[in-house]
């Protein structure tokens, strides 16, 4: 009996131990492992993306430039746009406080950074260190266009771009050079014959397909994905400049065939025009890279009508310009004329877009559709039509390269069209039609009363709805 009891007890203990062991295994598998796995997953999650190719390439490049005291700043439109959407969060981020790489880890072929050329002290030393750190770097140089106006110096080459590749990701370092008017300029990335065109997908680059000009941005330092970087203080303002940054140089070599008029009258005229406008006609820029000294209207400015602001007249008056004439209306053919120091004239034409062309002026001038590019003129960065020759030929014909000192603005341009007349408006002035414009600007203008109240006086029959503003007085004729 005692032997049987011992066997039963032994079997019971064995069974109980086995059951407990099975319970432990089950508990570990279905509870502890799940809990530990979640913890491990959470630990991994705190570094999600930080082992990615893009982030590692950016980190290594930032480390390189920081150690070499090269002050680069971020200009990548995609990353800047993401930063802007989460700007408050980025500004308040510190090291170790984020759980996921959110900006530098987004899929892309390049990360674009920039550097101001005058702040780069040891270019060659930096280049060697980059290669020692594992980067494959490509340097793009070209002639300095700022020296084109000085024939003997036009062959000097300057660095424009560096493409540094680490594994499958590349850093595009854009070298900005100073231009007039507090602008920064970068050159076109043009591949020379010895360069491997398959080094990176060059056509996907957002900077370098053509030269560009930007307002000099204010910078601030922030922590982005655990990396200390400089970015524009207003990220979206910079991003919005990118699609419209294209820059075209004046044709300095061609302009040398037009000898400068250095007579006292011409020098005084150009000085007055420059003080008033900081800009002259597009023809003067394209043909001579200068203000045309014998023109009667050195300043023709163009503005797209969608950019019209109601306070524009007051702004020009506050700048010391007298409003002389106001033609047309905002809905169609608005034109403003101001007068400045030494009787130099400034005309502002508003461009209206039609289905297949654009037009401006009371005497309507028709142009092919165009967009604006940046250029440099009279020590200032300004806009000109990107397809400048097409624009010039529309207004001056194929002979625009030949200086003409006698020009009838109403009849000489091949693209001039009569624009008719407008009905009287409630304000009683500032609408003028083609007939009235020609009459008032003729050699024998009509004798008009000092001020005619267009709203109360009966309308004349000859030109019953042609109105004109002359030195802030209203006439109807």
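In the working numbering, the protein residues as written are 35 to 511. Beta carbons are placed, not taken as given, at the ideal position from N, Cα and C, and that holds for glycine. Quick caveat: nothing in here was measured; it's all calculated off a predicted structure.
For residue i, report the span of its alpha helix (DSSP H) as first-last.
i: residue 154; result: Premise fails: residue 154 is in no alpha helix (DSSP H) and is neither H nor E.
i: residue 425; result: 422-430
i: residue 352; result: 346-352
i: residue 99; result: 87-101
i: residue 318; result: 316-322
i: residue 231; result: Taken as a continuous stretch (DSSP letters only), residue 231 belongs to no alpha helix (DSSP H), as it is neither H nor E.
i: residue 138; result: Run containing residue 138: none; DSSP gives neither H nor E here.
i: residue 134; result: From DSSP, residue 134 is part of no alpha helix (DSSP H); its letter is neither H nor E.
i: residue 240; result: Where residue 240 is concerned, there is no enclosing alpha helix (DSSP H), given that its DSSP letter is neither H nor E.
i: residue 111; result: 111-119
i: residue 106; result: Here residue 106 belongs to no alpha helix (DSSP H), and DSSP marks it neither H nor E.
i: residue 273; result: 269-275
Bridge partners for residue i per DSSP, in chain order?
i: residue 394; result: 399
i: residue 198; result: 171, 205
i: residue 281; result: 408
i: residue 419; result: 406
i: residue 177; result: 191
i: residue 336; result: 383
i: residue 363; result: 366
i: residue 373; result: 356, 379
i: residue 561; result: Past the edges of the chain, shown from 35 to 511, lies residue 561, and the structure says nothing about it.
So, is residue i buried or exposed, given that buried needs 16 or more other C-beta atoms within 10 angstroms?
i: residue 162; result: exposed
i: residue 73; result: Below a pLDDT of 50, predicted positions are generally treated as unreliable, and residue 73, at 38, falls in that range; the measurement from the model is reported next regardless. So residue 73 counts as exposed.
i: residue 348; result: exposed
i: residue 141; result: exposed
i: residue 203; result: buried
i: residue 392; result: buried
i: residue 44; result: exposed
i: residue 227; result: exposed
i: residue 49; result: exposed
i: residue 419; result: buried
i: residue 359; result: buried
i: residue 6; result: Absent from the structure is residue 6, since the part of the chain shown begins at 35 and ends at 511.
i: residue 364; result: exposed
i: residue 431; result: exposed
i: residue 389; result: exposed
i: residue 385; result: buried
i: residue 230; result: exposed
i: residue 367; result: buried
i: residue 99; result: buried
i: residue 126; result: exposed
i: residue 41; result: exposed
i: residue 190; result: exposed
i: residue 243; result: exposed
i: residue 147; result: buried
i: residue 53; result: exposed
i: residue 245; result: buried
Since residue i and residue j should fall inside the 8 Å C-beta cutoff, what is the C-beta to C-beta distance between them, to a whole number of angstroms?
i: residue 171; j: residue 86; result: Actually they do not touch by this definition, with Cβ atoms about 21 Å apart.
i: residue 108; j: residue 265; result: 5 Å
i: residue 283; j: residue 409; result: 7 Å
i: residue 143; j: residue 238; result: 5 Å
i: residue 425; j: residue 316; result: 7 Å
i: residue 263; j: residue 241; result: The pair is not a contact, with the Cβ atoms about 17 Å apart (cut-off 8 Å).
i: residue 150; j: residue 210; result: 5 Å
i: residue 136; j: residue 259; result: 7 Å
i: residue 213; j: residue 415; result: 6 Å
Identify the continuous beta strand (DSSP E) that holds residue i and give its terminal residues.
i: residue 204; result: 203-213
i: residue 246; result: 246-249
i: residue 382; result: 379-387
i: residue 263; result: 261-266
i: residue 258; result: 253-258
i: residue 218; result: 217-220
**Message:** Whether or not the stretch 116-124 and the stretch 144-162 are in contact is what I'm after, with contact meaning three or more pairs of Cβ atoms, one per stretch, closer than 8 Å; do they touch?
**Reply:** no
**Prompt:** Would the stretch 268-288 and the stretch 243-260 be scored as touching if the rule is three or more Cβ pairs under 8 Å?
**Reply:** yes
**Message:** If contact is defined by three or more beta carbon pairs under 8 Å, each pair taking one atom from either stretch, is the stretch 316-324 in contact with the stretch 340-350?
**Reply:** no
**Message:** Would the stretch 209-221 count as touching the stretch 91-106 if we require 3 or more Cβ pairs under 8 Å?
**Reply:** no
**Item:** Validate contact between the stretch 217-236 and the stretch 190-207 using beta carbons, cut 8 Å, 3 pairs
**Value:** yes
**Asked** Is there contact between the stretch 372-381 and the stretch 351-364, where contact requires at least three CB pairs shorter than 8 Å?
**Response** yes
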